[in-house]
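Going by full-length UniProt numbering, the sequence shown opens with residue 1, and the numbers climb by one from there.
Don't be surprised by glycine CBs; every beta carbon is placed ideally from N, CA and C.
Source: prediction; values computed, not measured.
Below: the structure, in structure tokens.
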Amino acid sequence: MIWYLFPAIVLLLSLLGMAGIVVRRFPEIVLLDVESISRAREREVKHELLQQRAGRIVNRVASQITAVIRPLIRLAIAGGSNAYDSVMALERKWRTVGAGATKLASTDERLRLLTEEAESLSRQGKAREAERKYIEAISVNPKYVKAYENLGRLYVREKQWIEAEESFQFVLKLDPNDASAHANLGELEAARGDLPSAVAHFKEAVARKPANPKYLDLLLEAAIITSDRDLARGTFARLKETNPENQKLPIFEQRIRGI
């Protein structure tokens, strides 16, 4: 039977040996455990302290940043609102300007087409149809000078003197310094036989455009017809200076000698 007890005896002896070792080393084990616990707790405490300190620093910095940024945010919001209002106002302005420009371009195009149609009808001898086109152009823009001038010339060709004069005079009402209107009135007066009045209007045209060869030519022609030698010579000199290539100069010079 002793053989059956042998393993138990060995186990018991082993346990007693381990117990002895534990008893002898117990102070060291206790001290090691306490020191380990102390170091672990110390690390834990230090970690908590660091977290708390970091939290306080973050909160303090965040408060300072918030104090600085909050007014800027309010300003940015207000400025953004003002900027938005400004952008919208600018957009409305340019939308209006754009619409006005489109309308203006459309009006100019219509006036151009009406004038071209009227001129074509006039060349075809269709005076009444041309007259209607010019009047239509004037109805589109009551200050459209070209329509008044062309309509006046049409009336001159049709010998509608009163209507022609009214057309040219209206141009002068729009612009008293319009040299072309004075030249047209001069041609009108010459066509209906009032040469003194024609000369007066040609002088007005030349006074406003002294270097215009056409106006000088008209004035010189009227001066020769009215036998105004001094006016003819003076106008001839100015025409020769302004337009020395004018092929009519020799003819004018010869006619002046015959005055």
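- In summary, residue 167 is buried, with 16 or more beta-carbon neighbours lying within 10 Å of its beta-carbon over all protein chains present.
- Proximity to residue 208 across 139, 138, 181 and 163 peaks at 181, based on C-alpha coordinates.
- One alpha carbon belongs to residue 219, the other to residue 190, and they sit about 11 Å apart.
- Of all alpha-carbon atoms in 206, 211, 178 and 228, the one lying nearest the alpha-carbon of residue 195 is that of 228.
- Between residue 178 and residue 172, the beta carbon gap of about 6 Å places them in contact (Cβ cut-off 8 Å).
- Under the DSSP assignment, residue 247 falls outside any alpha helix (DSSP H); it carries neither an H nor an E label.
- Proximity to residue 161 across 252, 203 and 193 peaks at 193, based on C-alpha coordinates.
- In this structure, residue 222 sits away from residue 252, with a CB-CB distance that is not shorter than 7 Å.
- Where residue 139 is concerned, the enclosing alpha helix (DSSP H) starts and stops at 127-140.
- Going by C-alpha positions, residue 212 is about 7 Å away from residue 206.
- Within the model, the alpha-carbon separation for residue 127 versus residue 137 is close to 15 Å.
- Residue 134 and residue 164 have their C-alpha atoms some 13 Å from each other.
- Counting of Cβ neighbours within 10 angstroms places residue 139 among the exposed residues, the total staying below 16.
- Residue 239 and residue 107 have their C-alpha atoms spaced approximately 39 Å apart.
- A Cβ-Cβ separation of about 10 Å leaves residue 199 out of contact with residue 235 under the 8 Å criterion.
- Residue 148: member of the alpha helix (DSSP H) spanning 145-157, first to last residue.
- Residue 170 holds the alpha-carbon nearest to the alpha-carbon of residue 152 among 141, 170, 254 and 142.
- According to the DSSP assignment, residue 183 belongs to the alpha helix (DSSP H) that extends over 179-191.
- Here residue 144 is near residue 111, since their CB atoms are less than 7 Å apart.
- For residue 224, the three-state secondary structure derived from DSSP is helix.
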